[in-house]
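Residue numbers (the numbering used here), protein chains in the order written: chain A, 5 to 635; chain B, 5 to 635.
These notes concern the structure reproduced below.
This is the structure we're talking about:
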């Protein structure tokens with residue numbers, strides 16, 4: 005095999021060009037602007053001051069073109085979905101409260117008005133949403149229902165006499181919970197509620213409900229509570245909303261997917277309540293995509309801090325008397341470099357996802373739409389778990405210095421922590437991914453519940469035989485070979501992932517076949533396999549995306565370096581799951597040990613490039629201004 | 005095999021009695037007092053208010069017997085080392101800032117005066133330390149040297165003319181860093197510095213240096229900075245101390261292990277500077293033991309919160325229409341129950357450690373002393389990493405509710421985070437454990453540096469053959485058997501751990517044999533194996549301790565339940581490392597899969613007991629008063 009040597013020194017700028025990808029111009033623009041605006045760090049602000057600062061910075065953002073990118077040109081927007089998501093992601097380099105507040109206002113609230121509403125809503129609200137004259141909330145999650153949003157308790161009952169909807173929280177579980185912009189700034193909310201008309205429930209729909217008047221006084225019938233201090237993101241004013249028979253006009257219904265006539269007659273282009281609901285949810289994936297991407301950028305920032313520190317911090321002496329730079333220790337490299345490689349991998353997978361989101365035609369097939377949603381769900385889970393784990397490792401890698409707020413990692417940790425459970429709990433999202441695979445996109449999902457998964461599979465998938473592709477054969481052929489270099493063979497790595505995915509999926513399908521007898525019991529006993537199916541699928545997507553990015557890289561030096569980074573990603577992922585490969589005869593014991601040795605070797609080889617690899621993220625320097633880096 | 009059935013219902017009180025162990029009476033007393041004192045939670049205090057509250061609570065603690073437990077009866081103490089450590093551990097149930105502040109004052113500062121000082125210091129200071137009329141600091145860590153404390157830069161140069169030491173920070177790296185009690189409350193500090201007399205350096209010694217006068221004004225020549233906001237523990241006033249030729253009398257030297265006569269002549273009962281230093285450090289392990297135990301109690305609190313929440317939170321419907329309690333999901337059990345089993349395991353290992361610390365005779369051999377230190381180091385690393393991981397899992401298991409400060413997990417996460425890197429960085433501590441094993445306690449450690457480890461092994465251990473015990477044979481015999489029950493055979497589990505330890509150690513010794521040629525390179529290439537040697541050793545200690553605790557349990561029902569908890573601990577630890585067992589032929593593929601199935605089975609079996617298992621910790625209810633548990 006021909007493994008090109010990594011050049012002695014690679015220009016970070018050449019790597020930046022590869023990373024910046026399709027929206028490179030926009031990324032440069034946002035970087036320049038973040039640097040110029042000098043959005044300061046909130047480390048020493050109390051909650052109220054931080055909230056005020058974030059609102060002020062949001063207003064500064066509103067004066068740029070970015071908030072409009074995701075909206076229609078007709079209302080002053082940019083009609084550039086990919087650019088919009090990319091600009092949210094870039095905010096992940098800075099104060100994450102600002103990123104989340106921007107996401108709530110323009111992504112979730114504005115996105116719902118645009119994508120669930122119709123012209124009458126667009127005409128009336130979009131400009132104000134973009135320029136912040138209308139601050140709003142996205143009120144979906146309830147106290148009693150977070151993951152299981154289809155079973156929300158809030159009701160919106162149509163009163164034909166008054167031509168109004170009555171929005172109501174019938175029990176304490178129906179209180180809208182953790183709603184961004186609710187505690188302080190929001191004036192209007194998109195409220196998700198069970199639409200009832202003519203005595204019949206039509207499932208969850210979205211309604212525009214004023215929650216405060218212009219002065220900030222809560223609207224009649226609306227009770228607002230402050231969620232108070234949180235682990236992080238304290239610049240975002242999360243609150244609780246309870247509705248006591250609040251009346252809104254019939255036109256408050258965001259009626260793209262379902263409408264109520266003056267007389268109360270319900271109509272919808274989609275017959276099934278469940279299917280309609282998931283179509284509505286499906287239009288809202290931009291938020292999930294943005295959270296994943298922002299988590300990725302927060303991770304990059306943590307790694308940049310920890311690697312810079314690791315390159316200058318010295319501890320313990322060598323035989324020649326010099327103190328050793330801690331990043332020269334294998335143990336330290338192991339903490340940071342595989343995580344850095346995975347950060348690259350996830351970056352390229354995210355870039356592909358954003359491109360797919362941007363390019364999906366408005367008349368895309370359901371399969372295409374579901375595939376996109378599953379990919380968004382899987383990458384959100386991967387990106388955010390990776391963020392939690394990596395930022396933790398970065399903190400530990402900086403010791404006591406990493407614990408001081410001034411050195412920025414504490415804030416990054418605290419702010420990103422909730423990403424694994426908001427915008428979809430990661431565990432539930434992985435189930436969603438697995439479900440998509442199991443049904444092979446041939447059937448529509450009625451709902452998200454695990455039970456439904458089990459029942460569905462039991463009923464529909466029995467007897468379905470998943471085809472084996474050539475992957476297994478390739479894996480076996482290469483596994484038999486004694487060539488040590490096979491570990492660095494991209495085809496072998498990719499086939500290994502592909503083969504694992506097929507095998508796991510087949511196993512899950514087999515396990516779930518008996519689900520008709522005891523749907524919950526059978527599903528539950530297989531839940532760890534279901535989650536694994538989701539994980540190994542995303543693993544494959546990520547490696548394939550990284551491999552594609554490397555092979556299309558035009559700068560020879562950058563490409564040679566990225567080849568090794570991709571090897572480190574692939575081999576450390578294989579190492580992490582080598583028990584499975586051993587159990588299933590895909591790795592021999594000696595090759596498994598060779599994988600570990602190869603990861604160590606790659607750490608040593610990439611060590612001299614660690615700084616270039618983080619510099620390539622081109623994070624505005626103000627976000628790396630940690631006193632610990634000043635010596 | 006005879007596996008006793010777990011009773012339907014086990015009384016948590018019976019488990020509490022087992023857990024409370026040797027210092028049960030004291031534990032009950034501290035619980036009652038914590039409940040009565042109503043030490044309130046600091047969630048909504050700003051830094052200054054929190055610091056004030058912690059100091060006030062410290063004064064309330066000072067009025068109890070606990071602070072004195074670790075000190076000599078002659079000065080009003082209790083001479084009960086184990087009780088003292090246990091009482092610090094119990095503070096781990098409450099505000100961890102109070103635990104750390106108490107640890108700084110009575111454990112580190114007071115402990116140093118008692119254990120490194122002599123009668124003149126005891127007579128003058130111990131009473132004031134106990135009753136808080138003398139608030140103090142433990143100034144060891146420097147900006148430039150944290151793990152490598154032997155190479156501290158601060159100097160204490162003896163001036164025979166004035167009969168004084170001149171304490172000085174010669175460079176910015178010598179600034180004392182992260183010093184608890186320094187920023188606000190401390191008046192006196194135990195300062196670790198290189199003792200210089202007659203132009204000769206004698207290594208690190210400890211000196212009592214006043215840092216503030218009674219009014220709080222910094223002493224002349226002492227510069228004090230505040231470390232500012234930290235990720236957590238903001239009730240502790242950490243600061244930086246810099247000394248500009250500060251003069252203290254000759255008697256300020258804590259002179260138990262080394263003294264300077266009026267004329268400047270140095271004397272010590274221990275000749276080697278390195279050995280003396282590590283003897284001094286060795287006397288100070290109580291702090292490390294207390295941190296490990298407090299981390300364990302913080303972990304218990306997080307699990308109690310998450311398991312209570314998991315038992316009442318419902319999400320998604322069963323076929324019969326009822327919503328499922330989330331702890332009924334296998335995926336959720338997997339997040340919490342193996343962690344709960346490990347928490348039990350670590351509790352019993354910690355209890356053994358505290359007993360050993362308590363019982364070690366003052367004339368203990370060096371081997372005994374080193375063994376105790378290694379055990380303390382290993383368990384501190386295990387307890388604190390387990391805390392970080394488990395509290396994170398608990399937060400995620402409570403979703404958005406877990407992110408709100410009012411629900412307590414956010415504070416637990418933030419406060420415990422630094423435990424993995426203070427009182428000894430965990431990675432360095434695991435190396436210390438491995439080193440102890442490699443030298444088989446036959447040689448004294450000159451210093452802590454990895455380099456010295458490698459050189460030492462290269463020079464001293466070449467040719468040493470580690471004996472194989474019968475463990476391997478037992479493992480093989482049982483591995484060949486097809487009896488599924490072998491997984492639940494405690495002897496098999498223990499021998500599997502023992503055999504792994506031997507094998508890993510042998511491998512490390514082999515790798516390090518070539519260290520003479522390139523000490524740093526060889527050590528560094530083997531660092532992951534060295535760390536693994538430390539880990540698998542501690543794994544064995546922990547399982548053995550748990551097994552002993554179970555077999556000596558006298559309550560039959562509690563014992564039957566603990567047997568299964570011990571199985572879950574052992575099998576989930578085996579599962580986590582099954583790649584190694586597969587690579588080394590200790591598990592067949594089918595038995596490895598059976599281990600995973602057994603862990604799932606144990607999760608299901610222990611699910612009904614989860615509440616009893618956390619109630620058994622008998623955490624005062626006020627520390628579990630999370631609004632999310634009120635429905």
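We put the beta carbon where it would ideally sit given N, CA and C, even for glycine.
Chain A within 8 Å of residue i, Cβ atoms only
{"i": "residue 4(B)", "result": "Look at the range of chain B in this structure, 5 to 635, and you will see that residue 4(B) is not part of it."}
{"i": "residue 400(B)", "result": "yes"}
{"i": "residue 226(B)", "result": "no"}
{"i": "residue 195(B)", "result": "no"}
{"i": "residue 181(B)", "result": "yes"}
{"i": "residue 439(B)", "result": "no"}
{"i": "residue 425(B)", "result": "yes"}
{"i": "residue 582(B)", "result": "yes"}
{"i": "residue 79(B)", "result": "no"}
{"i": "residue 301(B)", "result": "no"}
Residues near residue i by beta carbon distance below 8 Å, same chain, minus five either side
{"i": "residue 429(B)", "result": "150, 151"}
{"i": "residue 157(B)", "result": "146, 148, 149, 173, 174, 175, 177, 178, 198"}
{"i": "residue 163(B)", "result": "169, 170, 251"}
{"i": "residue 332(A)", "result": "611"}
{"i": "residue 200(B)", "result": "159, 160, 161, 162, 206"}
Proximal residues to residue i (C-beta, below 7 Å), its chain only, five neighbours per side dropped
{"i": "residue 139(A)", "result": "109, 185, 189, 190, 191"}
{"i": "residue 181(A)", "result": "145, 146, 147, 244"}
{"i": "residue 303(B)", "result": "347, 390, 391, 394, 395"}
{"i": "residue 229(B)", "result": "243, 244"}
Closer than 8 Å to chain B by CB, residue i
{"i": "residue 313(A)", "result": "no"}
{"i": "residue 465(A)", "result": "Note that residue 465(A) has pLDDT 43, beneath the 50 cutoff, so the model's placement of it is unreliable and the number below is only indicative. Chain B contact via Cβ: absent."}
{"i": "residue 319(A)", "result": "yes"}
{"i": "residue 450(A)", "result": "For residue 450(A), the pLDDT reaches just 40, beneath the cut-off of 50, and the residue's location in the model is therefore unreliable, although a value from the coordinates is still provided. It does not; no Cβ of chain B falls within 8 Å."}
{"i": "residue 232(A)", "result": "yes"}
{"i": "residue 294(A)", "result": "no"}
{"i": "residue 531(A)", "result": "yes"}
{"i": "residue 281(A)", "result": "no"}
{"i": "residue 404(A)", "result": "yes"}
{"i": "residue 246(A)", "result": "no"}
{"i": "residue 598(A)", "result": "no"}
{"i": "residue 469(A)", "result": "Here residue 469(A) scores only 32 on pLDDT, less than 50, and its place in the model should not be relied on; the value that follows carries that caveat. False, the Cβ-Cβ gap to chain B never drops below 8 Å."}
Rounded Cβ spacing between residue i and residue j (contact assumed at less than 8 Å)
{"i": "residue 532(B)", "j": "residue 335(A)", "result": "7 Å"}
{"i": "residue 633(A)", "j": "residue 312(A)", "result": "5 Å"}
{"i": "residue 80(B)", "j": "residue 86(B)", "result": "Going by Cβ atoms, the distance from residue 80(B) to residue 86(B) rounds to 19 Å, so no, they are not a contact pair."}
{"i": "residue 280(B)", "j": "residue 115(B)", "result": "18 Å between Cβ atoms; not a contact."}
{"i": "residue 524(A)", "j": "residue 322(B)", "result": "5 Å"}
Interface flag, residue i vs chain E, CB-CB below 8 Å
{"i": "residue 384(B)", "result": "Of the protein chains in this structure, namely A and B, none is chain E."}
Where the region 157 to 175 of chain A meets chain B: residues whose CB sits under 8 Å from a CB there:
Taking 8 Å as the Cβ-Cβ cut-off against chain B, none of the residues of the region 157 to 175 of chain A qualify.
For the 8 Å Cβ check, are there 3 or more pairs between the region 533 to 544 of chain B and the region 500 to 516 of chain B?
The region 533 to 544 of chain B is in contact with the region 500 to 516 of chain B.
Decide if the region 390 to 402 of chain B is in contact with the region 112 to 124 of chain B; the criterion is three or more beta carbon pairs, one per stretch, under 8 Å apart.
Verdict: no, contact absent.
Can you give me, in chain order, the residues of the region 509 to 525 of chain A that have a beta carbon less than 7 Å from any beta carbon in chain B?
Residues passing the 7 Å Cβ filter: 523, 524.
Counting Cβ pairs closer than 8 Å, one from the region 405 to 412 of chain A and one from the region 225 to 236 of chain B, do we hit at least three?
Because the criterion of three Cβ pairs below 8 Å is met, the region 405 to 412 of chain A and the region 225 to 236 of chain B touch.
Flag this pair as touching only if the region 279 to 299 of chain B and the region 81 to 98 of chain B have three or more C-beta atom pairs under 8 Å; answer yes or no.
Three or more beta-carbon pairs drawn from the region 279 to 299 of chain B and the region 81 to 98 of chain B are found closer than 8 Å, and the two stretches are therefore classed as touching.
Would you list, in chain order, the members of the region 333 to 351 of chain B that have their beta-carbon closer than 7 Å to a beta-carbon of chain A?
Answer set for the region 333 to 351 of chain B: 333, 334, 335, 338.
Do the region 564 to 584 of chain A and the region 488 to 503 of chain A touch if we need at least three Cβ pairs shorter than 8 Å?
Taking a cut-off of 8 Å on C-beta distances, the region 564 to 584 of chain A touches the region 488 to 503 of chain A, as three or more cross pairs fall below it.
Counting Cβ pairs closer than 8 Å, one from the region 265 to 276 of chain A and one from the region 52 to 63 of chain A, do we hit at least three?
Contact fails: fewer than three Cβ-Cβ distances are below 8 Å.
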